[in-house]
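Colleague:
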Amino acid sequence: MKKKFTAVINKEEKWYVAHCVELDVVSQGKTIEEAQANLKEAVELYLESFEPEDCPGSDSEIIFYPFEVAVNG
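72 is the number that full-length UniProt numbering gives to position 72 of the sequence shown; each next residue is one higher, with no gaps.
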């Protein structure tokens with residue numbers, strides 16, 4: 001069985017940090033590709049703790065959008 005997940009990757013100083021939105025699993029790498037591979041491995045390891053029928057995931061649509069807020073200071 002395969003499940004689809006969503007990842008958000010952002011650069012923090014010298015590292016790319018990858019976050020799986022549905023599972024709240026995070027990993028990092030020195031390149032985007034390394035961060036993607038490390039996140040996939042981290043998610044696979046996380047999901048090993050579940051029975052297949054109890055495997056978390058989301059079939060719902062996820063919408064990302066940038067926005068700004070005012071910050072006092």
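Every residue gets a Cβ at the ideal spot worked out from N, C-alpha and C, and that includes glycine.
Ignoring anything shorter than 3 residues, give me the beta strand (DSSP E) runs that lie fully in the region 9 to 64, in order along the chain.
Modeller: Counting only runs of 3 or more, we get 15 to 20, 25 to 29.
Colleague: In this structure, how does DSSP classify ALA7 when only helix, strand and coil are distinguished?
Modeller: Strand at ALA7.
Colleague: Between the Cα of ASN38 and the Cα atoms of PRO56, TYR46, GLN28, which residue gives the shortest distance?
Modeller: Minimum Cα distance to ASN38 is reached at GLN28.
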